[in-house]
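Participant: Residue numbers (the working numbering): 95 to 482.
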Amino acid sequence: MDRIYLDYAASTPIDKRVIDEMLPFFSTVFGNPSSMHYFGQKAEGAVELARQRIQNALNAQDYDVIFTSGGTESDNLALRGMALKERNERGSNRILISGVEHHAVLATAEQLKKYYGFELELLRVDVNGKLDISQFINTIDNNVAVVSVIYANNEIGTINPINEIAMICRDKEIPFHTDAVQAVAHLEINMSSNEIDLLSFGAHKFYGPKGVGALLKKKDIELLPQITGGMQERGSRAGTHNVPYIMGMVKALELVIDEREFDSTRLKILRDKLIEEVLKKIQGSKLTGDPVDRLPNHASFVIDGVNGNDLLIALDIAGFAVSSGSACKVGNPTPSDVLLAIGLEPALAMGSIRVTLGKTTTINEVNNFLSALAQVVDSIRKSKSGVL
Ligand SMILES: Cc1ncc(COP(=O)(O)O)c(C=O)c1O
95 MDRIYLDYAA
105 STPIDKRVID
115 EMLPFFSTVF
125 GNPSSMHYFG
135 QKAEGAVELA
145 RQRIQNALNA
155 QDYDVIFTSG
165 GTESDNLALR
175 GMALKERNER
185 GSNRILISGV
195 EHHAVLATAE
205 QLKKYYGFEL
215 ELLRVDVNGK
225 LDISQFINTI
235 DNNVAVVSVI
245 YANNEIGTIN
255 PINEIAMICR
265 DKEIPFHTDA
275 VQAVAHLEIN
285 MSSNEIDLLS
295 FGAHKFYGPK
305 GVGALLKKKD
315 IELLPQITGG
325 MQERGSRAGT
335 HNVPYIMGMV
345 KALELVIDER
355 EFDSTRLKIL
365 RDKLIEEVLK
375 KIQGSKLTGD
385 PVDRLPNHAS
395 FVIDGVNGND
405 LLIALDIAGF
415 AVSSGSACKV
425 GNPTPSDVLL
435 AIGLEPALAM
445 GSIRVTLGKT
455 TTINEVNNFL
465 SALAQVVDSI
475 RKSKSGVL
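In structure tokens, the structure reads:
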């Protein structure tokens, strides 16, 4: 059976050109970048060039690039590193995050509340998952240590007005972090034309390797390191650099930016066709997330009377890989926090499905998926009503 992968928000295959870029750094240029000799300096030169290439790709000359093990670690470093530093220096004790954050942000903020005594507030979002700006303006004050709002949502694809949110924080002089793990592959990110202080991403969402990412940090901001030891990353994150993976991430980032316009235009057409057909063909289906301000490759729905995990398994058996809510939640039988935060009834929220397209997705794959989905939903409904 030919299997069809429609879960690119969970992960992407590594581009062949990225693998080629990585290979020499496993064997030829293998030194430890912290070593003083020739072998070490070769590796260090590559890492420093990689840093500059990231700054150039994102127009981030005013930012330090801190290499991490991925989106999760970048989010942890931003939240915990910032909150603890700010409380130490300014006595600020509140953390504001949106009600639709990925668990890498949410669980970190909850730990800061439970074990470090911070006050945590979840900011309201509208029915499409966008931040409620007026409630945010009324909530933020000088006692806030850090604000974190997701750039583009992994479960429902909604894109937040990040520059507007960053400007509100800048006016109040409160550090602002955004989780851009889903955004980097698809949206133009120009760090010289916004007020973001900290931005997280991870390479495996844009055809790079898993286990590597970065946190961009405005140069005039300091945070408390979460991994201590050597002085790598100017003391912000200790540990020997994963040189081949860093090189792969940089190449993947450059490629995804070069090819973004072409890919986005193509993906939007496929996405819109998919959304239109699902809403037309599947009775009781509803789009989740913003109909306009959404990631170009992202379609997400709830389907009345169908359990999302049952749907995922039945589609997998039929040869189609999709996700229910977010990949990190597989096996979790409770409705997703994100879907509850946008006001869905828990029973309806249980019927969520996310279909995310990628560079090699074709119209044929989308059409085959649409037929399979209609059949699978029909048979799940019939079996529930005892007809089968
Ligand atoms: C929005 C968002 N943040 C953070 C993460 C975690 O990133 P990583 O898998 O690189 O740790 C993900 C991954 O699904 C994500 O979608």
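Cβ atoms here follow ideal geometry from the backbone N, Cα and C, with glycine treated the same way. Owing to the predicted nature of the structure, the values given are computational and were not obtained by experimental measurement.
If contact is defined by three or more beta carbon pairs under 8 Å, each pair taking one atom from either stretch, is the region 164-183 in contact with the region 309-320?
Facilitator: yes
Participant: Mind the definition here: the region 340-352 touches the region 113-122 only if three or more C-beta pairs lie below 8 Å; say whether that holds.
Facilitator: Segments in contact, yes.
Participant: Suppose you measure from the CA of Leu368 to the CA of Tyr99; what does that come to, to the nearest Å?
Facilitator: 15 Å
Participant: If you draw a straight line from the C-alpha of Asn247 to the C-alpha of Ile253, how long is it?
Facilitator: 7 Å
Participant: Does Asp101 pass the burial test, meaning 16 or more other C-beta atoms within 10 Å, or should it be called exposed?
Facilitator: buried
Participant: Work out the CA separation of Tyr132 and Cys422 for me, nearest whole Å.
Facilitator: Residue placement at Cys422 is poorly supported in this model, since its pLDDT is 46, which falls under 50; the coordinates are not used for a value here.
Participant: Strictly under 8 Å for the Cβ-Cβ distance: is Leu117 near chain C by that measure?
Facilitator: The displayed structure is made up of one protein chain only, and chain C is not part of it.
Participant: Does the distance from the CB of Gly165 to the CB of Asp273 come in under 8 Å?
Facilitator: Gly165 places its beta carbon less than 8 Å from that of Asp273.
Participant: Measuring straight from C-alpha to C-alpha, what distance separates Ser417 and Lys299?
Facilitator: 15 Å
Participant: Is the region 465-479 close to the region 405-414, with three or more CB pairs under 8 Å?
Facilitator: Yes: the two stretches touch, three or more of their Cβ pairs being nearer than 8 Å.
Participant: Please go through the same chain and pick out, in chain order, the residues whose beta-carbon is closer than 8 Å to the beta-carbon of Val194, but skip the five residues on each side of it.
Facilitator: Val219, Gly223, Ile244, Asn247, Glu249, Ile250, Thr252, Asp431, Val432, Ala435, Ile436
Participant: May I ask you to report which of helix, strand or coil DSSP gives Thr428?
Facilitator: coil
Participant: Could you give the uninterrupted runs of the alpha helix (DSSP H) lying entirely in the region 288-369, keeping only those of 4 residues or more?
Facilitator: For the region 288-369, the continuous alpha helix (DSSP H) assignments of 4+ residues that do not extend past its boundaries occur at 337-352, in sequence order.
Participant: Quick one: is Ile231 buried, meaning 16 or more other Cβ sit within 10 Å of its Cβ, or exposed?
Facilitator: In summary, Ile231 is exposed, with fewer than 16 beta-carbon neighbours lying within 10 Å of its beta-carbon over all protein chains present.
Participant: Check whether the Cβ atoms of Glu282 and Met261 sit closer than 8 Å, and answer yes or no.
Facilitator: no
Participant: So what's Ser420 in DSSP terms, helix, strand or just coil?
Facilitator: Reliability of the predicted coordinates at Ser420 is poor, the pLDDT of 48 falling under 50, and the value obtained from them is presented with this limitation in mind. DSSP places Ser420 in coil when its eight states are reduced to three.
Participant: Can you tell me whether Gly378 sits near ligand 1, meaning its C-beta is under 7 Å from at least one heavy atom of the ligand?
Facilitator: No, ligand 1 has no heavy atom inside 7 Å of this Cβ.
Participant: Does ligand 1 have even one heavy atom less than 7 Å from the beta-carbon of Val221?
Facilitator: no
Participant: Using 8 Å for Cβ pairs, my map puts Thr106 next to Arg331. What's the rounded Cβ distance?
Facilitator: The pair is not a contact, with the Cβ atoms about 24 Å apart (cut-off 8 Å).
Participant: To which residues does DSSP link Ser394 through a beta bridge?
Facilitator: Arg448
Participant: Are the beta-carbon atoms belonging to Asn391 and His280 less than 8 Å from one another?
Facilitator: yes
Participant: Mind checking whether the beta-carbon of Asp169 lies closer than 7 Å to any heavy atom of ligand 1?
Facilitator: The answer is yes for Asp169.
Participant: Who does Val159 pair with in a DSSP beta bridge?
Facilitator: Leu310
Participant: Give the C-beta separation of Leu373 and Leu381 to the nearest angstrom, bearing in mind that I take them to be a contact with Cβ-Cβ under 8 Å.
Facilitator: 6 Å
Participant: Which same chain residues end up closer than 7 Å to Thr202 when comparing Cβ atoms and leaving out the 5 residues on each side of it in sequence?
Facilitator: Asp169, Asn170, Leu173, Arg174
Participant: Please state whether DSSP places Ser465 in a helix, a strand or coil.
Facilitator: helix
Participant: Rounding to the nearest angstrom, what Cα-Cα distance links Asp96 and Thr455 in this structure?
Facilitator: 13 Å
Participant: Kindly examine ligand 1 and report whether one of its heavy atoms sits closer than 7 Å to the Cβ of Thr166.
Facilitator: yes
Participant: By the 10 Å Cβ neighbour count, where 16 or more other Cβ atoms means buried, how is Ser420 classified, buried or exposed?
Facilitator: Low confidence applies here, because Ser420 scores a pLDDT of 48, under 50, leaving its location unreliable and the question unanswered by this model.
Participant: In this structure, does DSSP put His271 in helix, strand or coil?
Facilitator: strand
Participant: With a floor of 4 residues, list each alpha helix (DSSP H) that falls wholly inside the region 170-224, ordered by position along the chain.
Facilitator: 197-210
Participant: Do Leu206 and Leu214 have their beta-carbon atoms positioned less than 8 Å apart in this structure?
Facilitator: It is a contact, given that the beta carbons lie within the stated cut-off.
Participant: Just grab the DSSP bridge partners of Ser168 for me.
Facilitator: Answer is none; Ser168 lacks a bridge partner.
Participant: How many whole angstroms separate the CB atoms of Leu128 and Gln326, which I take to be in contact at a CB cut-off of 8 Å?
Facilitator: For the sequence presented, residue 128 should be read as Ser rather than Leu. Contact holds; Cβ gap of about 7 Å.
Participant: Check the C-beta distance from Ile191 over to Leu309 and give it rounded, since I have them as a contact under 8 Å.
Facilitator: About 16 Å; that fails the 8 Å criterion.
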